[in-house]
C-alpha cells in the first residue's frame, strides 16, 4: 500500500481492488433499498412527500421526474453486506439500509439549514428551494420514518436494531452540536476534532455496518466488531471529506469552492495545521483569529465577503503547515484500524473482501 | 352538565370534580417523571443541555436556576394513570411519560421556530434566545432521547411502546405540515381542520393515554381503547386551545394577544365561522381573502403590521358567525366521545375517576 497525494488528488492508498466491484456493491445497495425507501417517503403527507423526493433527486424543483444524484449510498451498501456477514441474505439488511439512509438524510436536511449551505449534490438545498420550515419538517419526518421502518418489522431484532440506530442518531446530533460550537472558537484540538467527527460521521457509519447483522440475527459481539470497523471507516471517510471540503473540485463534489473554509469549519486539516507550529501555522492562527474578531461568531455568512484569493491563501497555509499531509495519513491510519477490527470476526471470505473493497473506496474517492 | 361560555371564559362544562384532585394528578405526573426527564436532558452534549434546561424552565436565559413554567404536564399525568389502568403501579408509566413529554417538547421547539412564535410559557422561545440552529438541534436531540429512554428498558413492551410513539410522532409531523399549508389557503373545511388537529394534538395525547398501559403489560385492545379516549380528549383539548388562541388572556396563556389570528391559523373557530354562512361569515371571508392577497403567503409575519383593532374586528366576526359557540360545543362533544371510549374497558373505579377528572380539566382550563 503506498500513499499518493500528488496534485489535487485525495487518494490515500492504492487499492488492490477494481472500482468496478465497488460500483456494483453501491449499485446493489441502491437497487435493493430503493423500493422500500420510496414506499416510506410516499407515506409522507403532502407537501412533505414532494420535498423529500426533491431532496433524494427523484424530482426536480418544478416537480418533474429527475434522475438526480441521491448521494454515494455507501451506508445502504454496507448495511446489506452487514447482513451477509451474519450469514443472512443481503435482503435481510434492507430495512436497516433504509433506516440508516433516512437518518443520514434527516441530518443533511437539518445541517444544510443550520450551516446555511446552499448546494448539495449539484442542486440547491431543500431550505433554499422549499424554505426553512419544510427543511425542518421533512427532516423530522425522515427521522420518524427511520424508526417506523424498523419497528414495523415487529421482531426482537428490530427492537435491538432501533436501539443501536437511536444511539447512533444521538451521537450524530452531539457531533453537529460540537461542529457548530467549533466554528465560533479560535482553536480546536485535533483530539476534539476527531471526537466530533467520530460522533458526526463515525457513529452512523458504524450503525450501517452492524444494523444488517443485527437484523440478520448476529450476536452483540459480532455486531460490536462490525461497529468498530464502521466507526473507523467513518473517521477515514470524514478525513477524506475534510480534504475534499478544502481541495475538492466543485464540479465533482457538487459543493462550493473552499466549502469548509467558507463555513469556518474547524476540520481536521485546519486543526492539524494549527497544532503543527511553525511560521505557516502561526500565520494561519493569526488570520483565523483576526477573522473571528472581525465578523463575530454570530454571522458565519460574512465569510462569503472574502475573496477567492483569501481562501486560496488559507488553503496554502494549511498545506504548508502540514495539515493536508497529516489528514491524508490519518485517513490511512483509520482505514487500517477499520480493517483490523474484522480480524477476529467469523464471516465468509467473499463478505470480508467486500468490506475491504468498500473501505478502500472510501479513501480513494474524489467526491 | 351545562355549557358555560359567558364573558371571556372558555369553560365548556361544569365539572363535578374539584380542581384540587386534578392539580394533585398533574403534580404527581410532574414529580414522578422529573428525575428521569432531567437525567435524560443531562445526557445531552453542551450547549444542548443548557438550551433544553432553558426550554423546560429549569434555568433562565442567563443560566441561573429558575422555577419556570414547564407546561401543564397533562401528558405525563395521563401516562401514569394509563399504567394504573393496566393494573400496574404508576411508576411503570414513567419512561412513557418522559418519552411523550420529550416528543411534545421536540415539537414545540421546532414549531415555534417554523411559526415564528416569540413567546411560550411567559418566556422568549428558544430560537429567539439561543438562535434557530439550537432550536433545530435540541429539538432533534429530544426526539432521539424519547426513543432512547424507552428502548433502553430492553423489554418487548418497550418495543411496542416505541412503535406507538413513532406512529404518533409521524402523525404529529403530518399535522404540523397540514397546519402550515392551511395558513397559505383562503379556505379550510371544518373536516380538514379536525383531521389536522387530530394529527397534531390527538395522536400524541392518545399515545400518552396508552403508553403507560403498554409498559404496564396491557393487551392491544385495552391500549387501543385508551388511545381512542386520548385521541378525542386531544381534540377537546385543541378546541379549547383554539378558543384560547383567540380569546385567551395573554397574562394567563403566556402567548401574544390574538396569537392564532396573527399566525393566520385556520383554527376551528375560523373554519367553523367561514362554513357558517351569513353576513358576518361573508365579511370574514372577504377580510381573510384580501389579507392573503396583500401579504402573500410567504410572509406571515407581515400580519404583525395589522393593528390590535383589526384583530379585534376579526375576532368579533368569528364570534358573530357562530365560530366561537360551535367550537365550544365541539369541545363538549369530543369530551363526551372520549369518556364513552372507556365504557367497555375494565379498570379500577379510582382510575376511571381520574381519567374523568383529567378530561374535565382539559375543557375547563384557562391556559
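Chains as they are written, first to last, in the UniProt record's numbering: chain B, 1 to 367; chain P, 1 to 367.
From the three backbone atoms N, C-alpha and C, an ideal C-beta is built for every residue, glycine too.
Member of the options whose CA lies at the smallest distance from the CA of residue i
{"i": "residue 67(P)", "options": "59(P), 73(P), 255(P)", "result": "59(P)"}
{"i": "residue 135(B)", "options": "123(B), 117(B), 110(B)", "result": "110(B)"}
{"i": "residue 86(B)", "options": "183(B), 210(B), 330(B), 152(B)", "result": "210(B)"}
{"i": "residue 240(P)", "options": "101(P), 53(P), 363(P)", "result": "363(P)"}
{"i": "residue 198(B)", "options": "187(B), 180(B), 216(B), 176(B)", "result": "176(B)"}
{"i": "residue 133(P)", "options": "44(P), 51(P), 325(P)", "result": "51(P)"}
{"i": "residue 74(P)", "options": "64(P), 62(P), 98(P), 61(P)", "result": "98(P)"}
{"i": "residue 46(B)", "options": "93(P), 159(P), 170(P), 246(P)", "result": "170(P)"}
{"i": "residue 221(P)", "options": "38(P), 343(P), 270(P)", "result": "343(P)"}
{"i": "residue 276(P)", "options": "174(P), 324(P), 308(P)", "result": "324(P)"}
{"i": "residue 293(B)", "options": "264(B), 238(B), 271(B)", "result": "264(B)"}
{"i": "residue 71(P)", "options": "65(P), 61(P), 57(P)", "result": "57(P)"}
{"i": "residue 268(P)", "options": "252(P), 250(P), 218(P), 238(P)", "result": "238(P)"}
{"i": "residue 206(B)", "options": "319(B), 339(B), 26(B)", "result": "339(B)"}
{"i": "residue 282(P)", "options": "27(P), 308(P), 320(P), 48(P)", "result": "320(P)"}
{"i": "residue 118(P)", "options": "200(P), 256(P), 27(P), 143(P)", "result": "256(P)"}
{"i": "residue 219(B)", "options": "114(B), 347(B), 108(B)", "result": "347(B)"}
{"i": "residue 27(B)", "options": "42(B), 69(B), 48(B)", "result": "69(B)"}
{"i": "residue 116(P)", "options": "65(P), 180(P), 92(P)", "result": "180(P)"}
{"i": "residue 92(P)", "options": "349(P), 329(P), 307(P), 29(P)", "result": "29(P)"}
Check whether residue i and residue j have beta carbons under 8 Å apart
{"i": "residue 165(B)", "j": "residue 150(B)", "result": "yes"}
{"i": "residue 147(B)", "j": "residue 147(P)", "result": "yes"}
{"i": "residue 212(B)", "j": "residue 96(B)", "result": "yes"}
{"i": "residue 208(B)", "j": "residue 78(B)", "result": "yes"}
{"i": "residue 229(P)", "j": "residue 80(P)", "result": "no"}
{"i": "residue 83(B)", "j": "residue 90(B)", "result": "yes"}
{"i": "residue 236(B)", "j": "residue 315(B)", "result": "no"}
{"i": "residue 345(P)", "j": "residue 226(P)", "result": "yes"}
{"i": "residue 214(P)", "j": "residue 161(P)", "result": "yes"}
{"i": "residue 33(B)", "j": "residue 129(B)", "result": "no"}
{"i": "residue 103(P)", "j": "residue 36(P)", "result": "no"}
{"i": "residue 88(P)", "j": "residue 216(P)", "result": "yes"}
{"i": "residue 157(P)", "j": "residue 266(P)", "result": "no"}
{"i": "residue 121(B)", "j": "residue 254(B)", "result": "yes"}
{"i": "residue 167(P)", "j": "residue 242(P)", "result": "no"}
{"i": "residue 40(P)", "j": "residue 145(P)", "result": "yes"}
{"i": "residue 124(P)", "j": "residue 61(P)", "result": "yes"}
{"i": "residue 112(P)", "j": "residue 126(P)", "result": "yes"}
{"i": "residue 159(P)", "j": "residue 159(B)", "result": "yes"}
For residue j and residue i, believed in contact at Cβ under 8 Å, the rounded distance
{"i": "residue 311(P)", "j": "residue 258(P)", "result": "4 Å"}
{"i": "residue 261(P)", "j": "residue 274(P)", "result": "About 13 Å separates the two Cβ atoms, so there is no contact after all."}
{"i": "residue 280(P)", "j": "residue 317(P)", "result": "5 Å"}
{"i": "residue 143(P)", "j": "residue 143(B)", "result": "6 Å"}
Interface residues of chain A facing residue i [CB-CB closer than 8 Å]
{"i": "residue 178(B)", "result": "No chain A appears in this structure, whose protein chains are B and P."}
Residues near residue i in its chain [Cβ-Cβ closer than 7 Å; skip 5 each side]
{"i": "residue 186(B)", "result": "288, 289, 292"}
{"i": "residue 153(P)", "result": "95"}
{"i": "residue 21(P)", "result": "357"}
{"i": "residue 341(B)", "result": "225, 228, 229, 232"}
{"i": "residue 200(B)", "result": "172, 175, 176, 179"}
Contacting residues, own chain, Cβ-Cβ under 6 Å from residue i (five flanking each side not counted)
{"i": "residue 202(P)", "result": "231, 234, 235"}
{"i": "residue 188(B)", "result": "182, 266, 271"}
{"i": "residue 178(P)", "result": "196"}
{"i": "residue 337(B)", "result": "232"}
{"i": "residue 108(B)", "result": "none"}
{"i": "residue 55(P)", "result": "126"}
Residues near residue i by beta carbon distance below 8 Å, same chain, minus five either side
{"i": "residue 351(P)", "result": "81, 84, 85"}
{"i": "residue 335(P)", "result": "12, 13, 232, 233, 236, 359, 360, 362, 363"}
(request) May I have a chain-ordered list of the alpha helix (DSSP H) segments no shorter than 4 residues that lie completely inside the stretch 169–217 of chain B? (result) Runs found: 190–197, 203–215.
(message) Threshold first: 4 residues or longer. Then list the alpha helix (DSSP H) segments lying entirely within the stretch 258–294 of chain B, N to C.
(response) Fully enclosed alpha helix (DSSP H) runs of 4 or longer: 259–262, 268–276.
(message) At 4 residues or longer, what runs of the alpha helix (DSSP H) sit wholly inside the stretch 229–254 of chain B?
(response) Listed in chain order, the complete alpha helix (DSSP H) runs (minimum 4 residues) inside the stretch 229–254 of chain B are 250–253.
(message) Could you tell me which whole alpha helix (DSSP H) segments of length 4 or greater appear in the stretch 297–346 of chain B?
(response) 308–320, 323–340
(request) For the stretch 87–149 of chain P, list the alpha helix (DSSP H) runs that are entirely contained and at least 4 residues long, ordered along the chain. (result) Entirely contained in the stretch 87–149 of chain P, the alpha helix (DSSP H) runs reaching 4 residues are, in chain order, 94–115, 126–130.
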